[in-house]
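Per the working numbering: the sequence shown ends with 291, consecutive numbering throughout. Have a look at the structure below, then the notes.
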Amino acid sequence: MPSKKLYILYLKSMIFGISLFYSIYVNFKKDNFSQVKIEMPEEYKSLKTILERLAKYNYLGNETIYFSINSGNYANWLAEEIDICDQGDCTFFKGLNPFKKQLGEKQHEKNEIVRQSYLLGNIEASASPNNNIFISRASFKVIDKRKDVLAFIVAHELSHILDDSSFVNSLQESKEGFNLNKKKRELLYYEISRNSEMDADKKACLILFNANYPLKTCTESIKFVYKESGDGQETKKDSTHPGFIERIDSIDQYEKDLSIKMKNEQTFDIGSISYDPEMNFIKYEPKKIEG
Numbered sequence: 001m002p003s004k005k006l007y008i009l010y011l012k013s014m015i016f017g018i019s020l021f022y023s024i025y026v027n028f029k030k031d032n033f034s035q036v037k038i039e040m041p042e043e044y045k046s047l048k049t050i051l052e053r054l055a056k057y058n059y060l061g062n063e064t065i066y067f068s069i070n071s072g073n074y075a076n077w078l079a080e081e082i083d084i085c086d087q088g089d090c091t092f093f094k095g096l097n098p099f100k101k102q103l104g105e106k107q108h109e110k111n112e113i114v115r116q117s118y119l120l121g122n123i124e125a126s127a128s129p130n131n132n133i134f135i136s137r138a139s140f141k142v143i144d145k146r147k148d149v150l151a152f153i154v155a156h157e158l159s160h161i162l163d164d165s166s167f168v169n170s171l172q173e174s175k176e177g178f179n180l181n182k183k184k185r186e187l188l189y190y191e192i193s194r195n196s197e198m199d200a201d202k203k204a205c206l207i208l209f210n211a212n213y214p215l216k217t218c219t220e221s222i223k224f225v226y227k228e229s230g231d232g233q234e235t236k237k238d239s240t241h242p243g244f245i246e247r248i249d250s251i252d253q254y255e256k257d258l259s260i261k262m263k264n265e266q267t268f269d270i271g272s273i274s275y276d277p278e279m280n281f282i283k284y285e286p287k288k289i290e291g
């Protein structure tokens, strides 16, 4: 039977061996796995390049803004069509990460939804009041090499966030519609929304003007988006967005006003822009300006 001293020596040797093995494993893992980075998709690279340019020549606020590329609303419609969600309750599919293979239950259907959404979807972007901007991956396919159009879309959604459009619109509706009946208040809501869209167009145009994009970018981008959607309809009272002619007339006049305005030559520290592949977003963190 081994002595106590020999037993302790054996135990120390085991602990040392385990520690040495763990140290070798950690270093191996660090050298061979942590260096492997998921490359940023081309869509996010385009978005990052545009954001850097806009942030250099414009003050984009003090708050962090997240940009996420998703599968888009077409995915919701497809999920409804093949009956893998309850009608009217399929919003989950819009948010599917189009750069990631879908696993688990209904994985074949989900992957096919992502594929078809990219193939058949159109230009689609939105901004939420909590500083999230969503752009469908199909948008990048449709826009293709027209990075000026993408810049306008990004600037338009940024404008909604910078102007707190959701809150401001809601507050205006509350003040002006307090005593209105349901139908009139609904029409007021639509009118406020349409005006907000045209205001965001103008602010986007100013952002692009400051960032040295050609002035015609604004009008050309709106024409491009409407043409690709096949929508040349007039303004309707029950629509959240203005019709084609009204929107073009509005931005065309604003471009003329900008053409006689001195450009803001000020530049800004763009802060930091980082990509998170797991969360599927790029995060824009501006350099804080006190006061």
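Beta carbons are placed, not taken as given, at the ideal position from N, Cα and C, and that holds for glycine. Values in this document were obtained by computation on a predicted structure and should not be read as measured data.
Nearest to residue i (by Cα), restricted to the options the options
i: Asn70; options: His241, Cys90, Lys48, Pro98; result: Pro98
i: Lys101; options: Thr217, Ala127, Ile113, Lys202; result: Ile113
i: Arg247; options: Glu234, Leu60, Leu258, Asp238; result: Glu234
i: Tyr57; options: Thr267, Gln87, Tyr284; result: Thr267
i: Asp252; options: His241, Asn280, Ser221; result: Ser221
i: Thr91; options: Ala75, Asp238, Leu103; result: Ala75
i: Lys94; options: Ser136, Tyr254, Asn131, Asp269; result: Ser136
i: Asn131; options: Glu52, Glu265, Ile143, Leu60; result: Leu60
i: Ile143; options: Tyr275, Ile38, Lys223; result: Lys223
i: Ile207; options: Glu285, Thr64, Ala155, Asn73; result: Ala155
i: Asp199; options: Glu186, Tyr254, Leu171, Ser170; result: Tyr254
i: Lys269; options: Leu51, Glu39, Met40, Lys37; result: The question names Lys, yet the displayed sequence has Asp at residue 269. Cα-wise, what sits closest to Asp269 is Leu51.
Own chain residues within Cβ distance below 8 Å of residue i, not counting five before or after
i: Leu188; result: Glu173, Glu176, Gly177, Leu180
i: Val168; result: Ser196
i: Ser46; result: Phe140, Lys147, Leu150
i: Asn280; result: Ser68, Ile69, Asn70, Asn97, Phe99, Lys100
Nonlocal neighbours in the same chain, by C-beta distance under 6 Å from residue i, ignoring five residues either side
i: Gly232; result: Phe244
i: Val225; result: Ile123
i: Gly271; result: Glu285, Pro286, Lys287
Opening and closing residue of the beta strand (DSSP E) in which residue i lies
i: Asp276; result: 272 to 276
i: Phe67; result: 65 to 70
i: Ser239; result: Careful: Ser239 lies outside any beta strand (DSSP E) and carries neither H nor E.
Contact set for residue i: own chain, Cβ-Cβ below 7 Å, skip 5 residues either direction
i: Glu109; result: Ile82, Ile84
i: Phe209; result: Leu215, Leu258, Lys263
i: Ala127; result: Ile133, Glu157, His160, Ile161
i: Gln116; result: Leu78
i: Thr240; result: Tyr190, Ser193, Arg194
i: Tyr213; result: Asp148, Ala151
Backbone CA spacing between residue i and residue j [nearest angstrom]
i: Lys216; j: Lys106; result: 46 Å
i: Lys256; j: Asp201; result: 14 Å
i: Gly121; j: Thr219; result: 23 Å
i: Leu305; j: Ala138; result: Any property of residue 305 remains undetermined from this structure, which presents the chain solely from 1 to 291.
i: Ser229; j: Asn62; result: 34 Å
i: Tyr66; j: Lys184; result: 36 Å
i: Asp86; j: Asp238; result: 26 Å
i: Pro277; j: Glu43; result: 13 Å
Residue range of the unbroken alpha helix (DSSP H) whose run includes residue i
i: Lys283; result: Premise fails: Lys283 lies in the beta strand (DSSP E), 281 to 285, not in any alpha helix (DSSP H).
i: Asn169; result: 165 to 177
i: Asn306; result: Nothing can be reported for residue 306: it is not among the residues displayed for the chain, which extend from 1 to 291.
i: Ala211; result: That residue, Ala211, is in no alpha helix (DSSP H); it is neither H nor E in DSSP.
i: Ser139; result: 137 to 143
i: Asn111; result: 107 to 120
i: Asp249; result: 244 to 259
Would you check if there are 3 or more beta carbon pairs closer than 8 Å linking the stretch 146 to 158 to the stretch 80 to 94?
Short answer: they don't touch.
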